[in-house]
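Protein chains in written order, with my numbering: chain A, 332 to 516; chain B, 183 to 430; chain C, 1275 to 1627.
Below is one structure, written out as structure tokens; the observations come after it.
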């Protein structure tokens, strides 16, 4: 098993944290993991992305060029990373901010209205967790429990009170995927 | 017979390499005496510069570092931050402190490093053979200013004491000279007071000592003393620019 | 101890503190700033000192002062900042002081870029400063090895009274991987009786110095340094090899690039190619002898670097003309992909497996 994931969006959408949570969860489950961010001026308000690898084997190159999954939170990220997804891979599109549909017909595509769902939950900042929940539901790369276990490691103990709403966000993302799968059947 | 005067224990017995008539020797003695009299000699760590006093590490009778050109205040910072209970001083010339090492001295002062600096200003690069320094007077000849320092070409000489006195972290700043016994006594007093500022943990201190360079100025030792008094002191006024009482 | 997920730059700081380093002098520069930030946060908690210097030049000279005063001390920077530090590094080597210097390399020359590169190999292994001196240069390939080498690096520095450089790149500095802080094997280290601590009236002054005006004295000093370097070359070489006795093509790569090579090798093996890897962990001393073990019928050695061919020189020295030597490199922050390496290996094979 090797998941090679690209997570991309605007700086501030929580794409780095999403990647770190996934990496932490993988580590907790004893898998081989790496997390590599894009860095530099492009981070300042522009697009940010990170490469995450969760694997049963030691991680070779930490750079994800061809991905098994891409999670895109905004339009520029879709344009940049849609072609990177391997045939048979998965693409998660934040349909709240991206109206466009995927041009690919050789991959699984999920449209998640992450911002609307987060808004319904009363905290726009959990949109990334909605996307992560969707990803976990579709791929089962790691358990949701492991992600929640890693939560305070990434955000600090003083954010522990936010675990319930984040848990809910993960669940709503998963639900969105289940509904979409049902609709596709 | 009673001993009325003996060489300070603050200096080693190694003969210095300084030119005849150069006042580095006097300044070394004053520093050595101050270290001894304040009881910090055995706890002192000194930093020697690059320039005429490059070999100062052989002359001061305490632990010494030889620094790269201009970097003595940074080296002293490293030592003092690691060994805050030791007495740490730098001994630097004007090429070292006022040219290549301006960043290091300004920032050591700005951080309020609890170190003491002896700044020997003879308005020229002595060791390398009489080139122009930032402190060379307008009109003064140097091997790299053969027609005399031209203000339009390279500006007026820099006054480091005045500059450093503007920095909050600098708690003691005084300019002295050693051209007469009276001046020597005043210089000693300033060095003692400067060192006490460190011992009492008050911050950065510097004593600028106007010094001669008979060899590169091209005067006899006696003429050099007179030239210093007539030319350097009017541009570099002697006196205290700052002491802790005035700050606090 | 349990594994934790750490960014390379922060792991360096944690490892240094674990190694007993309480002093850090640095200056901000991308992509290593998380390290001084970590030290600024953590050193006061262990009674240490973090100081942000006014420049890299001042920072390395503070290290010179602190190392001379007898403590474990570290500084870090990235390529252009390391260039500024060369003066101080030469003095530290000349005065035989132990310290650890971290270079998280970025693209050059000049201001270059902030993306990963390996373009300071020459500077690190050949001496970027003046004079006949050597740094022990350690090149970790993952965050765990980075931690282990930092800890051992302080011991190597103390044992030989020599500066040690950790040569990483923006990728290893920025990436997060699980690490474990194992209890390190401690070396039996000599007392620092040469350090400036104040004589306390009990001994002759100690002098930290690299100036020897008498040619005879300086020559003697250099002979002593060379003898020390010879001992380091004999005792401290570290290298990891994979399948080199049997390989048709051997890749030579270090640091993060070696991981990309490893991914390429796995894919090539699936297609039936026999490809080995030599991964120098010490770039100086260089593991020249390891190349003697390569399959004599090997078709060629492929050096892969994120530069235009620097370690390539050492590979050529090591191979002694016995095998053809090839090169593949990307620069400017471009990272080679496994596919690019695979193509190059197939080219060397010349169509036949």
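C-beta atoms are modelled at their ideal positions from N, C-alpha and C, and glycine is treated no differently.
Among the options, which residue has its Cα nearest to the Cα of residue i?
i	options	result
residue 231 of chain B	B:289, B:283, B:343	B:283
residue 1539 of chain C	C:1524, C:1555, C:1325	C:1524
residue 477 of chain A	A:333, A:340, A:344, A:351	A:351
residue 1379 of chain C	C:1303, C:1335, C:1363	C:1303
residue 1512 of chain C	C:1537, C:1556, C:1528	C:1556
residue 414 of chain A	A:437, A:426, A:392, A:428	A:437
residue 1472 of chain C	B:298, B:270, B:288, B:234	B:270
residue 265 of chain B	C:1560, C:1469, C:1459	C:1469
residue 1342 of chain C	B:338, B:251, B:263, B:212	B:263
residue 220 of chain B	B:361, B:285, B:378, B:398	B:378
Since residue i sits in a beta bridge, which residues does DSSP pair it with?
i	result
residue 1349 of chain C	C:1375
residue 380 of chain A	A:339
residue 1515 of chain C	C:1552
residue 246 of chain B	B:228, C:1481
residue 1452 of chain C	C:1279
residue 1325 of chain C	C:1299
residue 503 of chain A	According to DSSP, which records beta bridges pairwise, residue 503 of chain A is partnered with nothing at all.
residue 424 of chain A	A:403, A:442
residue 354 of chain B	B:387
residue 334 of chain A	A:385
residue 1603 of chain C	C:1579
residue 264 of chain B	None; residue 264 of chain B has no bridge partner.
residue 392 of chain B	B:303, B:359
residue 193 of chain B	B:242
Following the continuous beta strand (DSSP E) through residue i, name the residue where it begins and the one where it ends.
i	result
residue 400 of chain A	398-403
residue 344 of chain A	First-last for residue 344 of chain A: undefined, no H or E at that position.
residue 230 of chain B	226-230
residue 365 of chain A	363-368
residue 1283 of chain C	No beta strand (DSSP E) holds residue 1283 of chain C; the alpha helix (DSSP H) holding it covers 1282-1292.
residue 1478 of chain C	Residue 1478 of chain C -> no beta strand (DSSP E), and no H or E assigned at all.
residue 1597 of chain C	From DSSP, residue 1597 of chain C is part of no beta strand (DSSP E); its letter is neither H nor E.
residue 421 of chain B	421-424
residue 1433 of chain C	From DSSP, residue 1433 of chain C is part of no beta strand (DSSP E) but of the alpha helix (DSSP H) over 1417-1434.
residue 457 of chain A	That residue, residue 457 of chain A, is in no beta strand (DSSP E); it is neither H nor E in DSSP.
residue 274 of chain B	269-275
residue 1410 of chain C	1410-1412
For residue i, report the span of its alpha helix (DSSP H) as first-last.
i	result
residue 299 of chain B	Taken as a continuous stretch (DSSP letters only), residue 299 of chain B belongs to no alpha helix (DSSP H), being part of the beta strand (DSSP E) at 298-303.
residue 309 of chain B	That residue, residue 309 of chain B, is in no alpha helix (DSSP H); it is neither H nor E in DSSP.
residue 207 of chain B	206-219
residue 1437 of chain C	Premise fails: residue 1437 of chain C lies in the beta strand (DSSP E), 1437-1443, not in any alpha helix (DSSP H).
residue 374 of chain B	363-381
residue 1613 of chain C	1612-1623
residue 326 of chain B	Looking at the DSSP string, residue 326 of chain B is not in any alpha helix (DSSP H), and its letter there is neither H nor E.
residue 413 of chain B	Looking at the DSSP string, residue 413 of chain B is not in any alpha helix (DSSP H), and its letter there is neither H nor E.
residue 288 of chain B	284-292
residue 394 of chain A	Careful: residue 394 of chain A lies outside any alpha helix (DSSP H) and carries neither H nor E.
residue 346 of chain B	342-347
residue 479 of chain A	475-486
residue 223 of chain B	Looking at the DSSP string, residue 223 of chain B is not in any alpha helix (DSSP H), and its letter there is neither H nor E.
Exposed or buried, what is residue i when buried is set at 16 or more other beta-carbons lying within 10 Å of its beta-carbon?
i	result
residue 329 of chain B	exposed
residue 402 of chain B	exposed
residue 416 of chain B	exposed
residue 1320 of chain C	exposed
residue 335 of chain A	buried
residue 354 of chain A	buried
residue 1500 of chain C	exposed
residue 387 of chain A	exposed
residue 356 of chain B	buried
residue 1443 of chain C	buried
residue 188 of chain B	exposed
residue 430 of chain B	The predicted position of residue 430 of chain B is uncertain, since its pLDDT is 46 and thus under 50; a value taken from the coordinates is nonetheless stated next. Exposed, since its Cβ has fewer than 16 Cβ neighbours within 10 Å.
residue 300 of chain B	buried
residue 224 of chain B	buried
residue 412 of chain A	buried
residue 347 of chain A	buried
residue 1628 of chain C	Residue numbering for chain C in the displayed model covers 1275 to 1627; residue 1628 of chain C lies beyond these limits and cannot be assessed.
Mind checking if residue i is an interface residue toward chain E, Cβ cutoff 8 Å exclusive?
i	result
residue 1448 of chain C	No chain E is present in this structure, whose protein chains are A, B and C.
field: Whole runs of the alpha helix (DSSP H) within the stretch 1559-1599 of chain C, excluding any shorter than 4 residues
entry: Here the runs fully enclosed are 1585-1593.
message: Please give me, in chain order, every unbroken run of the alpha helix (DSSP H) with length at least 4 that falls completely inside the stretch 1515-1544 of chain C.
response: Here the runs fully enclosed are 1529-1544.
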